[in-house]
Each structure stands twice: as C-alpha cells, then as structure tokens.
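Numbering (UniProt numbering), first residue to last: 1 to 220.
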C-alpha cells in the first residue's frame with residue numbers, strides 16, 4: 001500500500017520504519033529537519049522536510065494516489081487539518097492520533113477519520129496491525145504465569161463486533177477469555193454488558209495462550 005505519514009516524532013518514525021520493512025510504499029513528512037534526518041538515516045523511507053499545513057504540498061504529492069493517511073504530529077489542529085485534506089482528496093483510510101479528548105470528539109463528529117486514537121494508549125504495533133488489515137491481536141503484556149497474554153484489539157468498520165453488545169460477544173467467547181476494559185476514544189470503560197461496540201473502539205483482553213484465533217473469529 002501507498003501510505004502517507006504526517007509527523008515523524010517517535011511514534012511516526014516507528015510506524016514508518018515498521019511498515020516500510022514490510023514492503024509498503026511510505027512517504028513521511030515533517031517540518032523538523034532533525035526528525036527528517038534521523039528517519040532518513042534509519043530507513044529507505046521517502047522523507048520530505050515540509051510543512052503539513054501548506055495546501056500546495058498535497059497536489060505535489062498527488063494525494064489521491066495514496067491508500068492510507070496517518071496524522072501523528074504533536075499538534076491536534078494540524079492533525080485535524082491533515083484529516084480534512086485527506087477526506088477532500090477522497091482518501092477513506094485516515095488514521096489520526098490526538099492529544100486531547102476535545103480534538104478526538106471533533107474529528108469523530110465530523111467523520112474525518114476511520115480510526116481516532118489517543119496518544120497515551122497508541123503504539124506503532126496497533127497502527128501497523130490496523131493498516132495492514134491483518135487484524136491481529138496486539139500483545140501489550142505477555143506470558144502472565146506462562147499461560148495468559150493481555151492484548152489490545154482495534155475494532156474496524158468491517159468487523160462482526162461492530163454494533164454488537166459486549167454481553168453478546170462474551171457469550172461467544174471461551175469462558176476463560178476476559179474483556180478487561182473498553183476504550184471508546186475518550187475514556188476507558190468498565191466492560192459492562194450493555195456497551196455497544198463501535199468502529200475505532202479498543203478492547204483490552206486477557207486471553208489464554210492458544211485461543212487467539214478463537215477470539216479473532218468472534219470479533220472479525
């Protein structure tokens with residue numbers, strides 16, 4: 001896939017390197033020349049030292065030819081601008097990392113992003129998993145007593161879990177699988193049975209080793 005990453009701080013840099021290593025065509029943008037130089041020396045990613053708020057940049061890039069746009073700068077207003085521009089160019093897969101709940105609400109209300117994630121809980125692995133369409137479970141704590149792992153699962157638009165109540169999903173899961181929390185883009189929620197799962201939600205789950213595929217089949 002052809003992927004544009006706007007903002008190459010620590011998170012953006014890791015996403016660019018990870019996805020490039022898997023054969024994706026990555027273009028990364030940042031107005032900080034030092035960040036650009038660091039990524040250039042660490043990978044073969046195309047890096048542009050440009051200001052993401054310059055509208056002419058996107059014509060030059062032929063933005064409509066990209067499959068995915070990721071906005072991960074340290075300024076929510078810039079990320080919102082990038083998401084709006086991407087939508088204007090017809091990009092459906094837009095992922096935005098936000099610093100504030102207010103920005104996340106606004107982006108979701110305007111429908112500018114396929115997935116909006118808060119910086120405190122986001123990782124390069126989650127973004128990589130979501131973009132590649134593998135929908136793999138992303139481990140955040142491994143080998144609890146050698147038998148259990150804690151995973152975070154990002155729910156996307158085509159998943160069976162979308163629109164389902166959490167209680168319904170629990171009935172389909174093995175008894176020894178536990179949903180620990182739900183992140184709705186604004187706050188972590190107790191895993192109440194009446195919660196309706198929506199696109200972009202994150203499920204934090206405790207899963208016994210060897211039952212990952214069963215969980216994926218229920219959710220996907």
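Just so it is clear, CB atoms sit at the ideal spot from N, CA and C, and this is done for glycine as well.
Keep in mind that this is a model prediction, so the values were computed, not measured.
According to DSSP, is residue i part of a helix, a strand, or is it coil?
{"i": "residue 105", "result": "helix"}
{"i": "residue 81", "result": "helix"}
{"i": "residue 189", "result": "strand"}
{"i": "residue 35", "result": "helix"}
{"i": "residue 195", "result": "coil"}
{"i": "residue 5", "result": "strand"}
{"i": "residue 214", "result": "helix"}
{"i": "residue 162", "result": "coil"}
{"i": "residue 93", "result": "strand"}
{"i": "residue 134", "result": "Confidence at residue 134 is low in this model, with a pLDDT of 48, below 50, so its placement is unreliable and no value can be given for it."}
{"i": "residue 41", "result": "helix"}
{"i": "residue 127", "result": "helix"}
{"i": "residue 74", "result": "coil"}
{"i": "residue 176", "result": "coil"}
{"i": "residue 67", "result": "coil"}
What are the start and end residues of the alpha helix (DSSP H) that includes residue i?
{"i": "residue 99", "result": "Looking at the DSSP string, residue 99 is not in any alpha helix (DSSP H), and its letter there is neither H nor E."}
{"i": "residue 171", "result": "166–172"}
Tell me the residue span of the beta strand (DSSP E) that contains residue i.
{"i": "residue 48", "result": "46–49"}
{"i": "residue 18", "result": "That residue, residue 18, is in no beta strand (DSSP E); its alpha helix (DSSP H) goes 10–21."}
Would you list the residues sitting across from residue i in a DSSP beta bridge?
{"i": "residue 149", "result": "207"}
{"i": "residue 54", "result": "None; residue 54 has no bridge partner."}
{"i": "residue 222", "result": "Within the shown structure, residues of the chain are numbered from 1 to 220, placing residue 222 beyond reach of any answer."}
{"i": "residue 28", "result": "5 and 47"}
Around the C-beta of residue i, are 16 or more other C-beta atoms found within 10 angstroms, so that it is buried, or is it exposed?
{"i": "residue 92", "result": "exposed"}
{"i": "residue 56", "result": "exposed"}
{"i": "residue 134", "result": "With a pLDDT of only 48 at residue 134, under the threshold of 50, the placement of this residue in the model should not be trusted; the figure read from the coordinates follows. Residue 134 is exposed by the Cβ-count criterion."}
{"i": "residue 22", "result": "exposed"}
{"i": "residue 79", "result": "buried"}
{"i": "residue 210", "result": "exposed"}
{"i": "residue 18", "result": "buried"}
{"i": "residue 108", "result": "buried"}
{"i": "residue 116", "result": "buried"}
{"i": "residue 41", "result": "exposed"}
{"i": "residue 110", "result": "exposed"}
{"i": "residue 147", "result": "exposed"}
What residues in its chain sit with their C-beta under 6 angstroms from that of residue i, if we drop five residues either side in the sequence?
{"i": "residue 27", "result": "4 and 46"}
{"i": "residue 94", "result": "69, 83, 86, 113 and 114"}
{"i": "residue 25", "result": "2"}
{"i": "residue 204", "result": "152, 180 and 181"}
{"i": "residue 173", "result": "218"}
{"i": "residue 64", "result": "89 and 90"}
{"i": "residue 71", "result": "6, 79, 82, 83 and 96"}
{"i": "residue 35", "result": "8"}
{"i": "residue 188", "result": "181"}
{"i": "residue 184", "result": "201"}
Within a Cβ cutoff of 7 angstroms, which residues of the same chain sit near residue i, ignoring the five residues on either side of it in sequence?
{"i": "residue 160", "result": "219 and 220"}
{"i": "residue 162", "result": "155, 197, 198 and 199"}
{"i": "residue 76", "result": "98, 99, 100 and 103"}
{"i": "residue 51", "result": "31"}
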